[in-house]
Amino acid sequence: MASLWRHGDFLKLWSAMTISEVGSRVTREGLPYTAVALLGASPAAMGLLTAVQGMTAFIVGPVAGVLVDRYRHRPLLIGMDLGRAAVLGLVPWAAWTGNLSFALLLGVAVAAGAMTVLFDVAYQAHLPRLVGKEHLLEGNSKLAISFATAEVLGPGITGILIQLLTAPRAILIDALSFVVSAVFIGWIRRPEKAGSAEHEEAPTLAAAAAGFQFVRGQPVLRALALRTGTVFYFWGYFAALYMFFAVRELKLQPAVIGVVVALGGVSNLAGSLLSGHVSRWFRLGTVLTGASLLPALAAVLIPLAPSDNWLLAAAALGASQLLGDIGFPIYSVHELTLRQSLTPPGILGRVNALWQMLMKGLLPLGALSGGAIAGAYGARAALVVSAVGAISANFWLFFSPVRQLQGVNILQRED
5 MASLWRHGDF LKLWSAMTIS EVGSRVTREG LPYTAVALLG ASPAAMGLLT AVQGMTAFIV
65 GPVAGVLVDR YRHRPLLIGM DLGRAAVLGL VPWAAWTGNL SFALLLGVAV AAGAMTVLFD
125 VAYQAHLPRL VGKEHLLEGN SKLAISFATA EVLGPGITGI LIQLLTAPRA ILIDALSFVV
185 SAVFIGWIRR PEKAGSAEHE EAPTLAAAAA GFQFVRGQPV LRALALRTGT VFYFWGYFAA
245 LYMFFAVREL KLQPAVIGVV VALGGVSNLA GSLLSGHVSR WFRLGTVLTG ASLLPALAAV
305 LIPLAPSDNW LLAAAALGAS QLLGDIGFPI YSVHELTLRQ SLTPPGILGR VNALWQMLMK
365 GLLPLGALSG GAIAGAYGAR AALVVSAVGA ISANFWLFFS PVRQLQGVNI LQRED
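For the sequence shown, the numbering used here assigns the number 5 to the initial residue and increments by one for each residue that follows.
1) State yes or no: is the C-beta of Thr-38 within less than 8 Å of the C-beta of Ala-171?
2) Can you find the residues in the same chain that come closer than 7 Å, C-beta to C-beta, to Gly-328, ignoring five residues on each side of it along the sequence?
3) Quick one: residues in its chain with C-beta nearer than 8 Å to the C-beta of Ile-306, no 5 flanking neighbours on either side, listed in chain order?
4) Check this for me: beta carbons of Leu-362 and Thr-232, under 8 Å apart or not?
5) State the DSSP-derived secondary structure class of Val-304, mapped to helix, strand or coil.
6) May I ask you to verify whether the segment 106 to 115 touches the segment 129 to 144, counting CB pairs closer than 8 Å and requiring at least 3?
7) Taking just the CA atoms, how far does Asn-272 sit from Gly-262?
8) Beta carbon of Leu-297: closer than 7 Å to some heavy atom of the ligand SAM?
9) Over what stretch of residues does the alpha helix (DSSP H) that includes Asn-356 continue unbroken?
10) Excluding the five sequence neighbours on either side, which residues of its own chain have a C-beta within less than 6 Å of the C-beta of Ala-295, listed in chain order?
11) Return the first residue and the last residue of the alpha helix (DSSP H) that Met-21 is part of.
12) Would you decide whether Phe-399 is buried or exposed? Buried here means 16 or more other CB atoms lie within 10 Å of its CB.
13) How many angstroms separate the CA atom of Val-64 from the CA atom of Arg-88?
14) What would DSSP say about Val-310, mapped onto helix, strand or coil?
15) Between the C-alpha atoms of Ser-404 and Gln-410, what's the straight-line distance to the nearest angstrom?
16) Comparing alpha-carbon positions, which option in Trp-191, Leu-108, Leu-372 lies nearest Ala-20?
17) What is the DSSP secondary structure of His-139, reduced to helix, strand or coil?
18) Taking C-alpha atoms, which residue in Phe-236, Phe-238, Val-282, Ser-311 lies nearest to Lys-255?
19) Considering Gly-269, what are the terminal residues of the alpha helix (DSSP H) in which it resides?
20) Roughly how many whole angstroms lie between the Cα atoms of Gly-160 and Gly-58?
21) When the Cα of His-11 is compared with those of Lys-146, Trp-239, Gly-375, His-338, which residue comes out closest?
22) Can you check whether the CB of Ile-189 is closer than 8 Å to the CB of Asp-124?
23) Are three or more beta carbon pairs between the segment 220 to 235 and the segment 340 to 356 nearer than 8 Å?
24) How many Å lie between Val-40 and Ser-46 at the Cα?
25) Measure from the alpha carbon of Ala-186 to the alpha carbon of each residue in Leu-81, Tyr-237, Phe-151, then state which is nearest.
26) Specify, as a first and last residue, the run of the alpha helix (DSSP H) that Met-247 falls within.
27) Name the two residues that bound the continuous alpha helix (DSSP H) containing Met-84.
28) When the Cα of Gly-393 is compared with those of Ile-175, Trp-9, Tyr-237, Ala-98, which residue comes out closest?
29) Mind checking His-203: buried by the 16 CB within 10 Å criterion, or exposed?
30) Would you call the CB atoms of Trp-359 and Ser-150 closer than 8 Å?
31) Are the beta-carbon atoms belonging to Leu-122 and Leu-108 less than 8 Å from one another?
32) Rounded to the nearest angstrom, what separates Trp-97 and Gly-44 at their Cα positions?
33) Within this structure, are the beta carbons of His-338 and Ser-276 separated by less than 8 Å?
34) May I ask which residues mark the beginning and end of the alpha helix (DSSP H) holding Gly-331?
35) Exposed or buried, what is Arg-220 when buried is set at 16 or more other beta-carbons lying within 10 Å of its beta-carbon?
36) Could you name the residues of the same chain whose beta carbon sits closer than 6 Å to that of Val-235, not counting the 5 residues immediately before and after it, in chain order?
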């Protein structure tokens with residue numbers, strides 16, 4: 005079987021995704037920094053900035069799924085890249101002309117978030133068409149390496165750019181990265197037909213909900229979806245409280261926190277490099293359940309970190325990052341490949357959209373819940389709830405057909 009290293013069109017998509025992912029890390033940090041440093045946004049305003057992006061995923065997800073299943077993917081991908089470039093370009097323009105406002109940042113976050121949902125749904129549906137099912141695992145593994153590399157390099161690059169250029173100008177770099185990404189995707193030469201759902205009747209609520217109905221009736225995908233929704237809700241607690249806990253309760257210095265987070269990035273990259281190989285060593289069910297459980301178990305170390313010894317506290321957080329983050333890409337690569345393999349092409353966009361809604365929609369909801377529990381009982385108690393909840397999410401996999409999956413042959417079955 006030929007490697008994707010010889011697949012020119014995949015290499016173009018891979019290059020596009022790598023460039024835009026690194027650039028996106030600039031905006032992920034740059035927008036909140038702009039809101040706080042230049043506009044003096046309050047904590048409530050920052051919470052709103054995060055929450056609206058989750059709401060966007062819920063609203064846009066069903067529409068994105070229908071569009072991806074009905075129309076050709078490459079024009080959608082190029083359009084979303086150019087659209088994000090234009091929207092993000094408003095931030096440096098507004099700063100330069102003196103028109104920067106929190107309302108504008110909110111609008112940019114919503115618009116860019118909506119287009120990102122559509123882009124992600126489209127690329128996940130396009131990959132099987134581009135490389136075939138026999139190369140899905142390899143393709144997803146290589147893309148995961150790009151995401152992990154962006155996580156490792158992104159924070160450092162972002163800090164340097166913000167320091168040298170200011171946050172609004174740094175966001176311009178991300179806008180330009182989307183233009184470059186669009187060029188690479190436009191360079192793909194493989195002919196593409198419209199989706200197999202193009203001749204369906206006009207989009208309706210029933211058509212938009214078809215992905216949900218399919219997943220509900222497919223035992224493996226149903227278990228994967230229930231696990232995703234549960235775990236991302238509880239990971240939202242960590243998203244809201246991790247930095248607060250490290251700074252306020254553990255009294256860790258920024259440099260120490262930076263080292264701890266960097267350990268997680270390195271671990272994530274290691275998991276991405278391993279993701280294309282572990283299914284050769286273990287049964288698929290073992291890979292999925294083990295890689296899902298490992299981050300949840302590692303999360304228990306965080307609330308166990310002592311407040312009176314910064315070295316032991318840093319060691320606990322560092323161990324959590326090293327042990328847990330290696331599991332994330334291994335699970336996500338195999339879960340996505342399995343989802344792409346089990347779903348018919350004509351509905352894959354809507355199934356992918358359901359995952360976007362579960363991940364991006366429930367994470368901020370969990371963040372709000374975690375903040376409320378922390379306000380009443382303390383951050384440590386909320387993090388304990390989060391860890392226990394993340395562990396419990398794995399019961400959806402253990403008590404389902406997922407645990408019995410034998411090997412990667414299921415990932416290569418024919419329609």
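No residue lacks a Cβ here, since even glycine has one placed at the ideal position from N, Cα and C.
Quick look at the numbers:
1) Reading the sequence shown from its first residue, position 34 is the one you call residue 38. Reading the sequence shown from its first residue, position 167 is the one you call residue 171. In this structure, Ala-171 lies closer than 8 Å to Thr-38 by Cβ.
2) As a working note, residue 328 is residue 324 in the sequence shown. Correct list, in chain order: Leu-298, Pro-299, Ala-302, Ala-303.
3) Here residue 306 refers to the residue found at position 302 when the sequence shown is read from its first residue. So the qualifying residues of the chain are Phe-242, Tyr-246, Phe-249, Ala-320, Leu-321, Ser-324, Leu-387, Ala-391.
4) Start at 1 with the first residue of the sequence shown, and residue 362 comes out as number 358. Start at 1 with the first residue of the sequence shown, and residue 232 comes out as number 228. Cβ atoms of Leu-362 and Thr-232: closer than 8 Å.
5) Locating residue 304 in the sequence shown gives position 300, counting from the first residue. Secondary structure at Val-304: coil, using DSSP grouped into helix, strand and coil.
6) These segments do not touch.
7) Here the question's residue 262 lines up with position 258 in the sequence shown. Here the question's residue 272 lines up with position 268 in the sequence shown. When rounded, the distance between both Cα atoms is 15 Å.
8) Among the components modelled here there is no ligand, and therefore nothing to report on the ligand SAM.
9) In the sequence shown, counting from the first residue as 1, residue 356 sits at position 352. Residues 349 to 360.
10) Within the sequence shown, the letter at position 291 stands for residue 295. Excluding sequence neighbours, Ala-295 sits near Gly-331, Ile-334, Tyr-335.
11) Walking along the sequence shown from the start, residue 21 turns up at place 17. 12 to 37 is the extent of the alpha helix (DSSP H) around Met-21.
12) Residue 399 sits at position 395 when you count from the first residue of the sequence shown. By the neighbour-count criterion, in which a residue is buried when 16 or more other Cβ atoms sit within 10 angstroms of its Cβ, Phe-399 is exposed.
13) Position 60 of the sequence shown, counted from the start, is the residue given in the question as residue 64. Position 84 of the sequence shown, counted from the start, is the residue given in the question as residue 88. Rounded to the nearest angstrom, the gap between the Cα atoms of Val-64 and Arg-88 is 15 Å.
14) The sequence position of residue 310 within the sequence shown is 306, counting from 1. Before going on, a small fix: residue 310 reads as Pro here, not Val. The answer is coil: DSSP assigns Pro-310 none of H, G, I, E or B.
15) As a first step, residue 404 must be located in the sequence shown, where it is residue number 400. As a first step, residue 410 must be located in the sequence shown, where it is residue number 406. Looking at the two C-alpha atoms, the distance is approximately 13 Å.
16) As a working mapping, residue 20 is identified with position 16 in the sequence shown. Of the candidates Trp-191, Leu-108, Leu-372, the one whose C-alpha sits nearest the C-alpha of Ala-20 is Trp-191.
17) The count along the sequence shown starts at 1 and reaches residue 139 at position 135. The answer is helix: DSSP assigns His-139 an H, G or I state.
18) The residue you call residue 255 lines up with position 251 of the sequence shown. Cα-wise, what sits closest to Lys-255 is Ser-311.
19) Working through the sequence shown from its first residue, we reach residue 269 at position 265. First-last of the alpha helix (DSSP H) with Gly-269: 258 to 278.
20) On the sequence shown, position 156 is the one that residue 160 refers to. On the sequence shown, position 54 is the one that residue 58 refers to. Straight-line Cα distance between these residues: approximately 26 Å.
21) On the sequence shown, position 7 is the one that residue 11 refers to. With distances taken between Cα atoms, His-11 lies closest to Lys-146.
22) Here residue 124 refers to the residue found at position 120 of the sequence shown. Here residue 189 refers to the residue found at position 185 of the sequence shown. Between Asp-124 and Ile-189, the CB-CB gap reaches or exceeds 8 Å.
23) The segment 220 to 235 vs the segment 340 to 356: in contact.
24) Working through the sequence shown from its first residue, we reach residue 40 at position 36. Working through the sequence shown from its first residue, we reach residue 46 at position 42. Roughly 7 Å between the two C-alpha positions.
25) On the sequence shown, position 182 is the one that residue 186 refers to. Its Cα nearest to that of Ala-186, the residue Leu-81 stands out among Leu-81, Tyr-237, Phe-151.
26) As a working mapping, residue 247 is identified with position 243 in the sequence shown. Note, Met-247: alpha helix (DSSP H), 223 to 248.
27) Taking the first residue of the sequence shown as position 1, residue 84 is located at position 80. Residue range 77 to 101 is occupied by the alpha helix (DSSP H) that includes Met-84.
28) Here residue 393 corresponds to residue number 389 of the sequence shown, with the count starting at 1. Cα-wise, what sits closest to Gly-393 is Tyr-237.
29) Your numbering for residue 203 matches position 199 in the sequence shown. Because His-203 sits at a pLDDT of 47, beneath the cut-off of 50, its placement in the model cannot be relied upon, and the following sentence gives the value as read from the coordinates. That one is exposed.
30) Residue mapping note: residue 359 aligns to position 355 of the sequence shown, counting from 1. Residue mapping note: residue 150 aligns to position 146 of the sequence shown, counting from 1. No. Outside cutoff.
31) Taking the first residue of the sequence shown as 1, we reach residue 122 at position 118. Taking the first residue of the sequence shown as 1, we reach residue 108 at position 104. Cβ atoms of Leu-122 and Leu-108: not closer than 8 Å.
32) Reading the sequence shown from its first residue, position 93 is the one you call residue 97. Reading the sequence shown from its first residue, position 40 is the one you call residue 44. Inter-residue distance for Trp-97 and Gly-44 is about 19 Å (C-alpha atoms, whole angstroms).
33) On the sequence shown, residue 338 is found 334 positions in, with the first residue counted as 1. On the sequence shown, residue 276 is found 272 positions in, with the first residue counted as 1. The criterion of a C-beta distance shorter than 8 Å is not satisfied by His-338 and Ser-276.
34) Along the sequence shown, one-based indexing puts residue 331 at 327. For Gly-331, the uninterrupted alpha helix (DSSP H) run begins and ends at 331 to 346, by DSSP.
35) Looking up residue 220 in the sequence shown gives position 216. When all chains shown are included, Arg-220 counts as exposed.
36) Within the sequence shown, residue 235 is the residue found at index 231, counting from 1. Non-local beta-carbon contacts of Val-235 in its own chain, meaning distances under 6 Å to residues more than five positions away in sequence, involve Ala-394, Ala-397 in chain order.
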